[in-house]
Structure formats: C-alpha cells, structure tokens
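Scroll down for the structure; my scribbles are underneath it.
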Amino acid sequence: MAKVVKFGGSSLADAQQFEKVKSIITADGARRFVVPSAPGKRYSGDTKVTDMLYNCYDLAVKGKDFSKEFEKIKERYNSIISELGLEISLDEEFDVVKACFIGKAGRDYAASRGEYLNGIVLANYLGFSFIDAADVIFFNDAGQFDPKKTRKVLSERLESLENAVIPGFYGSMPNDTIKTFSRGGSDITGSIVAAAVGADIYENWTDVSGFLTCDPRIVDDPEPIKVITYKELRELSYMGATVLHEDAIFPVRKAGIPINIKNTNKPDDAGTMIVESTSQKPAYTITGIAGKKGFTVVNIEKDMMNAEVGFGRKVLEVFEKNGICFEHMPSGIDTMSVVVHQAEFAPKEQEILSGLHRNCQPDVIDIETDLALIAVVGRAMKSNRGTAGRIFSALAHAHVNVKMIDQGSSELNIIIGVSEDDFEKAMKAIYDIFVSTKL
Ligand code: ASP
Numbered sequence: 205m206a207k208v209v210k211f212g213g214s215s216l217a218d219a220q221q222f223e224k225v226k227s228i229i230t231a232d233g234a235r236r237f238v239v240p241s242a243p244g245k246r247y248s249g250d251t252k253v254t255d256m257l258y259n260c261y262d263l264a265v266k267g268k269d270f271s272k273e274f275e276k277i278k279e280r281y282n283s284i285i286s287e288l289g290l291e292i293s294l295d296e297e298f299d300v301v302k303a304c305f306i307g308k309a310g311r312d313y314a315a316s317r318g319e320y321l322n323g324i325v326l327a328n329y330l331g332f333s334f335i336d337a338a339d340v341i342f343f344n345d346a347g348q349f350d351p352k353k354t355r356k357v358l359s360e361r362l363e364s365l366e367n368a369v370i371p372g373f374y375g376s377m378p379n380d381t382i383k384t385f386s387r388g389g390s391d392i393t394g395s396i397v398a399a400a401v402g403a404d405i406y407e408n409w410t411d412v413s414g415f416l417t418c419d420p421r422i423v424d425d426p427e428p429i430k431v432i433t434y435k436e437l438r439e440l441s442y443m444g445a446t447v448l449h450e451d452a453i454f455p456v457r458k459a460g461i462p463i464n465i466k467n468t469n470k471p472d473d474a475g476t477m478i479v480e481s482t483s484q485k486p487a488y489t490i491t492g493i494a495g496k497k498g499f500t501v502v503n504i505e506k507d508m509m510n511a512e513v514g515f516g517r518k519v520l521e522v523f524e525k526n527g528i529c530f531e532h533m534p535s536g537i538d539t540m541s542v543v544v545h546q547a548e549f550a551p552k553e554q555e556i557l558s559g560l561h562r563n564c565q566p567d568v569i570d571i572e573t574d575l576a577l578i579a580v581v582g583r584a585m586k587s588n589r590g591t592a593g594r595i596f597s598a599l600a601h602a603h604v605n606v607k608m609i610d611q612g613s614s615e616l617n618i619i620i621g622v623s624e625d626d627f628e629k630a631m632k633a634i635y636d637i638f639v640s641t642k643l
C-alpha cells in the first residue's frame with residue numbers, strides 16, 4: 205500500500221507546521237512518498253519563500269545588491285532547522301544558489317530552490333531519502349512536461365525505496381536547466397508521483413478541509429463537499445474554485461487514483477474525495493457553485509442569419525484571427541452572442557468589430573461589458589427535475605436579472621450570466637435555495 209502525500213506551503217511554513225506534517229506522516233505507514241512545497245505564509249501579510257526568491261532573482265538580474273533579501277530567505281530555513289533541532293546545515297547550498305543567481309541561472313531555477321531546500325530539510329527531519337526533482341521530472345525542448353520519460357525514470361527510481369521526499373514544482377529540461385510548472389505546481393508533481401508509483405490514493409494536504417460548496421468570501425461558512433467527480437471539479441476549478449492546480453487532475457485521473465484534499469491543521473476532518481465516478485448520492489442537487497467576473501458579450505444581429513450557411517464560422521474566424529478564445533456562444537434565430545474575457549477582448553475591440561462587419565455584414569452589433577458568469581455544477585442535476593426552475597425562481601426572488609443561460613448537454617452544469625453588480629447576490633440566492641434543502 206502506498207500513499208503519496210503533498211503538503212502545501214502553509215503546511216510547511218514554520219517549525220510548528222513541520223511538526224504537524226511529521227505526525228500526519230508517521231500516523232500512517234502507507235504515507236511513503238512526500239512532495240513538499242516551499243515554505244508559505246506564516247500569517248496573513250507574510251511573504252511566501254517562492255515570492256522572496258523571484259524578487260531576489262529579479263534584483264540579481266538587474267545587477268543590484270540582493271544580499272539583504274537573500275539573508276531573509278536563509279533565515280526562513282535556518283529558523284525551521286534550529287527550532288526542529290536538526291543537525292544539518294544548508295550553508296553550502298545557499299552559497300551555490302547565490303552564485304547561480306549572480307550567474308543568472310534563470311527565474312525558474314530561482315523559484316525552484318524554495319521546494320528544493322525545503323525538500324532537503326523535510327527529508328532530514330523525517331529520515332526519508334531525498335530525491336532531487338531535476339533527476340526524475342522532465343520537460344521537453346518546448347518546455348512541456350514529458351510524461352513518458354518522467355514515468356519511466358521516476359517509477360524505476362522510487363521502486364527500490366521504502367520512502368522518499370521529492371520536492372514539488374520543478375523538473376529539468378533536456379539541456380539540464382531547471383523548469384517549473386506554473387504557480388501552485390507542486391500539486392502537479394504530487395499527482396505525477398502518485399501515478400508513477402501506482403499509489404492507492406493521492407493525499408493533498410492544505411489549509412482548508414477540502415472544497416466548499418461556495419466561495420466563503422460570499423457565503424458564510426459554506427458546507428464542505430464530501431465527494432466530487434473529476435468532471436465536476438474541472439467545471440468548478442475553471443470557474444474559479446482554487447484549492448488544487450487545474451493540471452493536477454490529469455496524471456492521477458488517467459491512472460484511476462482518487463485525490464483526497466485534507467487539512468494539515470485539522471487532520472481528522474474527512475476533507476474532499478475527488479473520484480472518477482461514484483454511486484454516492486450527493487447531499488444536495490448541486491455539488492458546488494463557482495463564478496468569475498470580467499466577461500464581455502458581443503451580440504450580433506442579422507435577419508435570416510439562421511439560413512446563412514457558415515455564418516457561425518465567419519463570426520468565430522474573426523475572434524480566432526485576433527487570438528481570442530470564446531467562453532460561450534448562446535444563439536437565437538437572428539442573433540448570436542459571443543462571451544469573451546473582457547481583459548483579452550478590450551485591447552482588440554476595434555479590430556474585432558471591423559472584422560465582424562467585413563466578414564459577416566451584420567445588421568447590428570452591440571457590446572455589453574461587466575458580466576459575471578456563475579456555474580452551478582452537480583452530477584445529481586441529471587436525475588432531478590426542476591433544477592433550472594429553482595435557480596431562476598431564486599434569482600427572480602433576489603431581483604437578479606439573468607442575461608445569459610447555457611446548459612451543457614451533459615447536464616452537469618448550468619451557466620448563468622448576470623451583471624457584475626448582481627454577482628454576490630446571485631451566488632447567495634442559488635446557494636440558499638439548494639443547500640438549505642437536502643435531497
Ligand atoms: N511554491 C510554488 C508557488 O508558490 C509552488 C507551489 O507551492 O505549489 O507557486
């Protein structure tokens with residue numbers, strides 16, 4: 205039995221957090237492979253080591269003195285080492301890192317040192333082997349993750365080990381330079397390691413007890429989600445639910461390994477289980493609600509549009525040529541609306557408008573900005589009548605005007621567009637109508 209356990213930055217922010225991590229790992233002998241992040245924030249307003257490293261490196265590249273900032277990074281590690289009473293010293297490592305900063309070894313190299321150094325400390329503290337991720341996680345020349353090579357080398361390397369610490373977030377390129385995943389990427393490393401060792405479960409330890417049914421900044425104390433499918437999670441993460449890196453799903457999902465999101469500060473909480481499929485009935489018709497602001501809708505009207513073969517293609521071609529992806533495209537008989545990200549659309553607005561006039565000869569084009577999208581997601585929707593009805597009556601009672609509706613054919617989600625001013629009100633209304641009534 206093997207479990208891969210990944211600990212986020214806040215779980216390893218200081219010596220007290222390290223102690224919690226050790227007791228979690230030693231409580232279960234199956235927790236054999238550990239993937240740490242760099243030390244994160246100890247309190248709100250604190251700075252993550254990764255950000256300190258980026259900052260330091262930016263100074264180094266500009267040829268500025270970064271010794272004061274570098275000392276602060278050293279202090280973060282040295283205080284953990286001394287408070288835990290460990291007998292290692294990272295002094296030589298620090299010298300190498302500093303020299304590489306001066307030698308401009310790259311921003312990715314700089315950021316990766318957060319996980320690398322933390323991995324050395326954690327391995328020493330746990331008495332586990334340390335494996336440098338640069339030797340087992342690979343990217344290709346184009347900078348994309350190389351799953352084939354990684355899987356082969358990583359599984360061979362870990363096969364012979366009883367336990368090991370593999371730092372998250374980075375790997376190496378064919379020319380041996382260091383490359384990182386995008387921010388929060390230690391989640392991806394954990395997933396890759398879990399797939400390589402054929403783990404029974406991938407435990408992702410963080411500072412919340414799993415995913416919540418709604419954003420806690422909008423709804424007070426929202427219910428946690430006990431079980432969620434990969435598909436549902438994808439919908440929710442895309443729309444802004446951020447607990448796990450979006451790309452962390454793919455390696456384990458392919459291997460049929462469930463992910464359990466757990467809370468280092470409340471290890472007895474069940475957390476959220478993320479699974480391929482489940483016969484477990486969710487507590488409510490909806491599994492979760494998530495949303496994002498910052499969308500624009502381009503409404504295009506043209507009489508007899510429905511009879512014009514290729515009209516949709518001509519519209520989308522204009523967006524494609526300008527490098528804009530569209531989010532949704534609800535349409536009527538003589539109207540078509542294209543929903544896009546405002547920040548991407550705004551700088552290209554005039555090119556797109558003239559392109560649409562040239563390509564499609566529309567009667568009217570009208571642009572509406574400041575739209576928010578809300579995704580109401582749930583595998584139970586399919587088998588429950590009246591879900592859409594409940595959503596819209598809740599919104600009507602809350603005096604929210606619905607500007608757009610889109611339901612995927614999988615019946616897994618309903619997307620609603622509302623004005624940004626109504627966003628919080630709409631989220632609350634939908635949460636109340638579903639989560640206050642159990643199935
Ligand atoms: N330390 C990196 C970051 O802050 C990666 C991670 O924590 O997953 O983004």
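If you want this note's numbering, it's the 1-based position in the sequence shown plus 204. All C-beta atoms, glycine included, are put in the ideal place defined by N, C-alpha and C. Here the structure is a predicted model, which is why all the values come from computation and not from measurement.
Any heavy atom of the ligand ASP closer than 7 angstroms to the Cβ of residue i?
{"i": "D242", "result": "A small correction: the amino acid at residue 242 is Ala; Asp does not occupy that position in the sequence shown. Yes, since a heavy atom of the ligand ASP falls inside the 7 angstroms radius drawn around the Cβ of A242."}
{"i": "S390", "result": "yes"}
{"i": "T468", "result": "no"}
{"i": "E319", "result": "yes"}
{"i": "R387", "result": "yes"}
{"i": "K171", "result": "Outside the shown range of the chain, which is 205 to 643, sits residue 171, and nothing can be said about it."}
{"i": "T446", "result": "no"}
{"i": "G212", "result": "yes"}
{"i": "F373", "result": "yes"}
{"i": "T254", "result": "yes"}
Taking the alpha-carbon positions, what's the residue i to residue j distance?
{"i": "G388", "j": "F373", "result": "7 angstroms"}
{"i": "D567", "j": "L575", "result": "23 angstroms"}
{"i": "F343", "j": "S316", "result": "14 angstroms"}
{"i": "L321", "j": "I370", "result": "11 angstroms"}
{"i": "Y579", "j": "I493", "result": "According to the sequence as given, residue 579 is Ala; it is not Tyr. If you take the alpha carbons of A579 and I493, they lie about 6 angstroms apart."}
{"i": "I571", "j": "N464", "result": "43 angstroms"}
{"i": "D507", "j": "G621", "result": "25 angstroms"}
{"i": "F274", "j": "V300", "result": "12 angstroms"}
{"i": "A337", "j": "A487", "result": "40 angstroms"}
{"i": "K272", "j": "E223", "result": "29 angstroms"}
{"i": "D411", "j": "K525", "result": "43 angstroms"}
{"i": "N563", "j": "K607", "result": "26 angstroms"}
{"i": "A314", "j": "D391", "result": "19 angstroms"}
{"i": "G514", "j": "I504", "result": "15 angstroms"}
{"i": "I556", "j": "K518", "result": "12 angstroms"}
{"i": "S386", "j": "G394", "result": "14 angstroms"}
{"i": "Y258", "j": "E427", "result": "36 angstroms"}
{"i": "S364", "j": "S333", "result": "11 angstroms"}
{"i": "V447", "j": "H561", "result": "42 angstroms"}
{"i": "G347", "j": "D380", "result": "12 angstroms"}
{"i": "E654", "j": "L290", "result": "Examination of residue 654 is not possible in this model, given that the chain is present from 205 through 643 alone."}
If I measure Cβ to Cβ from residue i and keep anything under 8 angstroms in the same chain, skipping five residues before and after, which residues do I get?
{"i": "A598", "result": "A633, I634, D636, I637"}
{"i": "I292", "result": "I285, I324, V325, N328"}
{"i": "N282", "result": "L294"}
{"i": "R438", "result": "E450, I453"}
{"i": "A234", "result": "M205, A206, K207, D404"}
{"i": "M631", "result": "C418, D419, I422, V423, I493, G495, I578"}
Using a Cβ cut-off of 8 angstroms (strictly closer), state whether residue i contacts chain C.
{"i": "E319", "result": "Considering every chain present, this structure includes no chain C. It has just one protein chain."}
With a threshold of 6 angstroms on Cβ separation, who are the neighbours of residue i within its own chain once the five nearest residues in sequence on each side are excluded?
{"i": "R236", "result": "A206, N367"}
{"i": "I378", "result": "Note that residue 378 is Pro in the sequence shown, not Ile. For P378, where only same-chain residues beyond five positions count, the Cβ hits under 6 angstroms are D345."}
{"i": "K466", "result": "E407, W409, G475"}
{"i": "N605", "result": "none"}
Below 8 angstroms on the Cβ atoms is my guess for residue i versus residue j; work out the distance and round it to an integer in Å.
{"i": "E512", "j": "I528", "result": "That belief does not hold up - the Cβ atoms of E512 and I528 are roughly 22 angstroms apart, past 8 angstroms."}
{"i": "I461", "j": "I405", "result": "7 angstroms"}
{"i": "I595", "j": "W409", "result": "That pair is no contact at about 34 angstroms."}
{"i": "E319", "j": "A242", "result": "5 angstroms"}
{"i": "V543", "j": "H532", "result": "4 angstroms"}
{"i": "K435", "j": "M477", "result": "About 14 angstroms separates the two Cβ atoms, so there is no contact after all."}
{"i": "F499", "j": "Q546", "result": "6 angstroms"}
{"i": "T230", "j": "D312", "result": "So it is not a contact: roughly 33 angstroms between Cβ atoms."}
{"i": "K497", "j": "F627", "result": "6 angstroms"}
{"i": "I341", "j": "G307", "result": "So it is not a contact: roughly 23 angstroms between Cβ atoms."}
Grab me the residues of residue i's own chain with a C-beta within less than 7 angstroms of its C-beta, minus the 5 sequence neighbours each way, in chain order.
{"i": "R246", "result": "A217, D218"}
{"i": "Y489", "result": "It is Thr, not Tyr, that sits at residue 489 in the sequence shown. So the list reads G582, A584, M585, N588, T591, F638, L643, once near-sequence residues are dropped."}
{"i": "K226", "result": "Y329, L330"}
{"i": "D610", "result": "H532, P534, I619"}
{"i": "M256", "result": "E273, K276, I277"}
Would you check whether the ligand PLP has a heavy atom nearer than 7 angstroms to the C-beta of residue i?
{"i": "E450", "result": "Here the bound small molecules are the ligand ASP; the ligand PLP is not part of this structure."}
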